[in-house]
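K.L.:
Residue numbering for the sequence shown follows my numbering, beginning at 22 and increasing consecutively. Take this structure first; my questions come after.
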Amino acid sequence: MGRPLVKEEDKRVVQVNIRLTTGENERVLTYAEASAMTPANWIRQKIFTGKFPQVKISPVTAAMYRELHQIGVNLNQITRQMNAGKQPNFVGVIAELAKQQRDILKLLIHDSRPGEGQRIQGSTEL
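Written as structure tokens, this is what we have:
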């Protein structure tokens, strides 16, 4: 079964090309992905409605959730070693985990507000 036919007046035959900076392109791609749209459809809806399309998918990616899981695994390993009587210096590890936690919380707080000028990133660096 083929694609349904489009009325002649609904066909998109005019192409408009624009240039974006790398940062602008990343923002459009992130917002489009979060709205479950193609970048072209996201831009079209933003232009003609004046509003950001509704976010349907959290921009926090699966990679971010894997990082959160890994942080939990690391904390569990630290706790087991400390309970077993081993007391290595975990100050550096805990400081790094605290930094990652702050970065993740920032992303989680801002992930539902793409229209407020916040840049959404896919994951933090370890």
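Ideal Cβ placement from N, Cα and C applies to all residues, glycine included.
Starting from G106, trace the alpha helix (DSSP H) in both directions and tell me its first and last residue.
P.N.:
Taking the first residue of the sequence shown as position 1, residue 106 is located at position 85. First-last for G106: undefined, no H or E at that position.
K.L.:
Would you identify the three-state DSSP class for G93, choosing helix, strand or coil?
P.N.:
Reading the sequence shown from its first residue, position 72 is the one you call residue 93. Helix, per DSSP.
K.L.:
Should the segment 40-59 be regarded as contacting the segment 68-75, the criterion being three or more beta carbon pairs within less than 8 angstroms?
P.N.:
Output reads yes: the segment 68-75 touches the segment 40-59.
K.L.:
Per DSSP, what kind of secondary structure is F73 in: helix, strand or coil?
P.N.:
In the sequence shown, residue 73 corresponds to position 52, counting from 1. Coil at F73, not helix or strand.
K.L.:
Quick one: give me the first and last residue of the alpha helix (DSSP H) that G44 is part of.
P.N.:
Position 23 of the sequence shown, counting from 1, holds the residue named residue 44. From DSSP, the alpha helix (DSSP H) with G44 extends over 43-55.
K.L.:
Please classify T51 as buried or exposed, where buried requires at least 16 neighbouring CB atoms within 10 angstroms.
P.N.:
Counted from its first residue, the sequence shown places residue 51 at position 30. The residue in question, T51, is buried, as its Cβ has 16 or more Cβ neighbours within 10 Å.
K.L.:
Taking the alpha carbon of L126 as the reference point, which residue from M85, E29, V112, G44 has its own alpha carbon closest?
P.N.:
Translated into the one-based positions of the sequence shown, residue 126 becomes position 105. Measuring from the Cα of L126, the nearest candidate turns out to be M85.
K.L.:
Suppose you measure from the CA of L89 to the CA of K120; what does that come to, to the nearest Å?
P.N.:
What you label residue 89 is simply residue 68 of the sequence shown in a count that begins at 1. What you label residue 120 is simply residue 99 of the sequence shown in a count that begins at 1. Approximately 12 angstroms between the Cα atoms of the pair.
K.L.:
Taking 7 angstroms as the limit between beta carbons, can you name the residues of its chain near W63, skipping five residues before and five after?
P.N.:
Position 42 of the sequence shown, counting from 1, holds the residue named residue 63. V49, Y52, A53, S56, P74.
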